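Positions 1 to 488 (the UniProt record's numbering) are the ones given, in order, by the sequence shown.
Worksheet: the structure to be examined is printed underneath.
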Amino acid sequence: MAAETGTARQVAASWLLPSAEAPTVAGQSITIDNGRIVAVAPDTKASAAGTLALPAFANAHDHARVVRVSQVGSYDVPLEAWLPYLALIPAIDPWLASVVAFARTARGGVGSVMAHYTRVQGLTDFPTEARAVAKAARDVGINVALAVHCRDLNPLVYDTHDDVLAKLSPQACDCITRRFLRPPVPAAEQVAMVDAVARDIEGDNVTVQYGPAGVQWCTDEMLRLIGEASARTGRRVHMHLLETRYQRIWADKTFPQGIVRYLDEIGLLNERVSFAHCIYLRPDEMELIAERGATIVVNTSSNFIVSSGLAPVGEMLARGCRVAMGLDGLAFDEDEDALREMRLAYNVHKARGFDVRVPRADILRFAFEHGRFAVTGAADGGRIAPGAPADLLLLDWEALSAELVEPDVPPLHLLLAKGRQDYIKGLIVGGREVVRDGTVATVDLPAMETELLATLRKAAPSTADMRTAMPELSAALAAHYGNDFYCG
């Protein structure tokens with residue numbers, strides 16, 4: 001698969017899919033040196049390598065979470081009632097949590113990931129925790145953008161929470177008040193923390209972004225400060241936007257001029273910004289996002305699982321939007337499989353009969369290019385060509401093509417028909433071998449998963465009060481989102 005030649009390294013590919021636009025070509029040798037691709041050339045011997053090489057995938061919206069919905073009983077729960085279930089996850093060593101999350105991400109075919117760090121472990125001060133997360137990223141070897149969570153509004157629901165608390169027993173009310181309704185850190189301090197963390201940890205494949213939770217979770221002061229700081233520093237911004245219909249209703253009642261126009265007014269609509277979800281955008285909002293150059297990150301599996309809806313990907317593309325892929329910590333089979341996620345998004349959105357809404361080139365940009373840009377801010381990746389970063393995904397071509405009857409089925413057809421992480425032979429990021437023979441090569445993922453599960457089970461009693469309160473809270477939230485504010 002790969003051979004060392006002096007300081008350079010060569011990767012042989014039976015087939016090469018070099019970019020979203022280019023056709024697959026047979027028998028190619030890729031030369032890597034100093035983290036970059038220096039040459040791509042025909043090689044008759046490469047045809048026997050049994051490998052399909054393509055650009056590494058990017059996951060442009062995730063949370064470095066390691067607990068799956070099935071582990072805490074939160075499957076089949078709408079987002080607004082699902083979010084409190086995160087409080088059932090006990091605080092653990094942030095390095096262990098992050099190294100497992102990033103290693104699973106790599107095993108799923110991803111070379112660059114956005115870690116919107118909304119679940120702080122809190123066992124130390126945040127700069128110390130951020131250093132542990134950065135170390136985990138470097139230990140695994142993938143590109144990570146740490147979007148530092150900023151939030152100071154609506155801790156429980158999108159409007160006043162008094163009616164929710166009134167529906168709870170005294171014991172449940174005390175638990176929810178204690179866990180969710182603590183005074184927030186002042187907005188200026190939160191924004192300053194992002195800059196301090198960036199000075200401390202950036203470099204060696206780790207970058208830092210401002211990570212406002214979403215407009216419904218941040219004050220106007222917070223969002224304006226972030227817009228100003230991003231303009232001043234050039235630092236990127238990542239946030240949620242219009243994930244559910246309840247958020248759309250809240251936004252329309254809060255911003256008569258429109259939530260996207262509001263973001264434009266305060267400096268949070270430009271090419272430095274990426275928005276997760278955007279299911280409930282209107283066509284004029286898509287056009288404004290496209291005009292300003294911001295990125296939309298679609299999370300198909302996640303939106304299905306927490307019953308949020310279906311993003312209008314075809315419409316977004318038709319309006320000129322840059323659209324990227326995210327897994328949101330909620331991949332369809334809880335396995336961080338980026339190939340399956342791309343295929344799911346493609347098959348859901350691609351066409352209505354002969355009316356093609358999402359061309360194949362667009363779904364490849366979705367997986368290769370646009371997410372990497374959202375994560376790194378660099379437009380030089382997502383392709384295998386001289387000068388590009390050496391971020392490659394290597395699939396087992398012999399296994400992928402083993403059942404062919406027609407001998408000349410294009411490799412891209414097979415990738416879109418059946419590609420999944422089982423076929424991954426290797427992942428190279430910045431020239432470093434991260435996955436070898438389908439196994440993460442940089443850390444011992446199975447051992448760490450075993451340690452993680454034991455740690456979580458041992459710490460589970462620390463969230464017993466929340467576990468007891470959850471049935472009452474879930475019922476109260478369901479009633480709240482059925483009230484006149486959202487349904488009237």
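Even for Gly, the Cβ is constructed at its ideal location relative to N, Cα and C.
This structure is a prediction, so every number in the text was calculated from the model and none was measured.
Which of the three DSSP states, helix, strand or coil, is assigned to Ala13?
Note: Ala13 maps to strand in three-state DSSP.
My understanding is that Ala81 touches Leu364, with C-beta atoms under 8 angstroms, so please give their C-beta distance in whole angstroms.
Not really, about 36 angstroms apart at Cβ, beyond 8 angstroms.
May I have the straight-line CA-CA distance separating His63 from Ala198, to the nearest angstrom?
His63 and Ala198 have their C-alpha atoms spaced approximately 18 angstroms apart.
Residues of its chain near Leu452, where Cβ-Cβ distance is below 8 angstroms and the 5 sequence neighbours each way are ignored
Val66, Ile92, Leu96, Ala97 and Val100, listed in sequence order.
List the whole-angstrom C-beta distance separating Gly319 from Pro283, where the pair is believed to meet the contact cut-off of C-beta under 8 angstroms.
For clarity, residue 319 is Arg in the given sequence; the question names Gly instead. Contact flag correct, Cβ pair sits at about 6 angstroms.
Start-to-end residues for the alpha helix (DSSP H) that takes in Ile289
Ile289: member of the alpha helix (DSSP H) spanning Pro283 to Arg292, first to last residue.
Pair within 8 angstroms by beta-carbon distance, Glu315 and His277:
In this structure, His277 does not lie closer than 8 angstroms to Glu315 by Cβ.
Alpha carbon to alpha carbon, how far is Ala172 from Glu472?
Answer to the nearest angstrom: the Cα atoms are 7 angstroms apart.
For the structure I just gave you, are there three or more beta carbon pairs, one from the stretch 125-143 and one from the stretch 341-352, closer than 8 angstroms?
No: the two stretches stay apart, fewer than three of their Cβ pairs being nearer than 8 angstroms.
Looking only at its chain, what residues have a beta carbon closer than 8 angstroms to the beta carbon of Met448, apart from the 5 residues adjacent to it on each side?
Exclusion of the five residues before and after Met448 leaves Leu96, Val99, Val100 and Ala103 as the residues of its chain whose Cβ lies within less than 8 angstroms of its Cβ.
Please report how far the alpha carbon of Arg107 lies from the alpha carbon of Glu334, in whole angstroms.
Here the C-alpha atom of Arg107 lies approximately 13 angstroms from the C-alpha atom of Glu334.
Helix or strand or just coil, what does DSSP make of Glu80?
Correct three-state label for Glu80: helix.
Provide the residue span of the beta strand (DSSP E) that contains Gln171, from first to last.
DSSP places Gln171 outside any beta strand (DSSP E); the residue lies instead in the alpha helix (DSSP H), whose first and last residues are Pro170 to Phe180.
Going by DSSP in three states, Ser112 sits in which element: helix, strand or coil?
Correct three-state label for Ser112: strand.
Determine whether the beta carbon atoms of Val237 and Val273 lie at a separation below 8 angstroms.
Yes, the pair counts as a contact, with Cβ atoms nearer than the cut-off.
Taking only runs of the beta strand (DSSP E) that begin and end inside the stretch 273-350, which ones reach a length of at least 3 residues, in chain order?
With a minimum length of 3 residues, the continuous beta strand (DSSP E) runs that stay inside the stretch 273-350 are 273-277, 295-298 and 322-325.
Shortest alpha-carbon distance to residue 497 belongs to which of Ala87, Phe354, Ser74 and Gly141?
The structure shown does not extend to residue 497, since the chain spans only 1 to 488, so no value can be given for it.
Can you check DSSP and say which residues form a bridge with Ala147?
Here Ala147 is bridged, per DSSP, to His116 and Gln209.
May I ask you to verify whether the stretch 380-388 touches the stretch 16-33, counting CB pairs closer than 8 angstroms and requiring at least 3?
At 8 angstroms Cβ cutoff, the stretches touch.
Can you give the Cα-Cα distance for Ala115 and Ile32, rounded to whole angstroms?
Rounded to the nearest whole angstrom, the CA to CA distance from Ala115 to Ile32 is 27 angstroms.
Okay, do the stretch 137-153 and the stretch 202-218 touch, 3+ Cβ pairs below 8 angstroms being the bar?
Yes: at least three Cβ pairs fall under 8 angstroms.
From Asn59 to Thr51, what does the alpha carbon distance come to, in whole angstroms?
Rounded to the nearest whole angstrom, the CA to CA distance from Asn59 to Thr51 is 23 angstroms.
Could you compute how far the alpha carbon of Gly371 sits from the alpha carbon of Lys167?
Those two C-alpha atoms are separated by around 42 angstroms.
Less than 8 angstroms between the CB atoms is what I'm expecting for Gln121 and Pro94, so what's the real figure, rounded?
Contact flag correct, Cβ pair sits at about 5 angstroms.
Within 10 angstroms of its Cβ, does His240 collect 16 or more other Cβ (buried), or is it exposed?
Counting the other CB atoms within 10 Å of its CB gives His240 a total of 16 or more, which places it among the buried residues.
Quick check: what's the CA-CA separation for Ala229 versus Asn154?
Between Ala229 and Asn154, the C-alpha separation is close to 23 angstroms.
Look at Ala367 and Met325 and say whether their C-beta atoms are less than 8 angstroms apart.
At a Cβ-Cβ threshold of 8 angstroms, Ala367 and Met325 count as neighbours.
Is residue 490 helix, strand or coil by DSSP?
The first residue shown for the chain is 1 and the last is 488, placing residue 490 beyond what the model contains.
Would you kindly report the start and end of the unbroken beta strand (DSSP E) that includes Ile32?
DSSP places Ile32 in the uninterrupted beta strand (DSSP E) bounded by Val25 to Asp33.
Measuring only the C-alpha atoms, how far is Ile279 from Gln216?
Their backbone Cα atoms lie some 15 angstroms apart in a straight line.
I need the DSSP call for Thr365, collapsed to helix, strand or coil.
In the sequence as displayed, the identity of residue 365 is Arg instead of Thr. Assignment of Arg365 by DSSP, reduced to helix, strand and coil, places it in the helix class.
The beta strand (DSSP E) spanning Ile37 covers which residue range?
Looking at the DSSP string, the run of the beta strand (DSSP E) that includes Ile37 is Arg36 to Pro42.
For Leu393, does the three-state DSSP call read helix, strand or coil?
Strand at Leu393.
Kindly indicate which three-state DSSP category Pro90 falls into: helix, strand or coil?
Under the three-state reduction of DSSP, Pro90 is assigned to coil, being neither helix nor strand.
Residue nearest to residue 494 in terms of C-alpha spacing, selected from Thr295, Leu288, Glu285 and Glu265
Residue 494 falls outside the range modelled here, since the chain spans only 1 to 488, and no answer is possible.
Since Ala396 contacts Lys425 with CB under 8 angstroms, what's their CB separation in whole angstroms?
First, the residue type needs correcting, since residue 396 is Asp and not Ala in the sequence shown. Yes, Asp396 and Lys425 are in contact; Cβ-Cβ is about 5 angstroms, under 8 angstroms.
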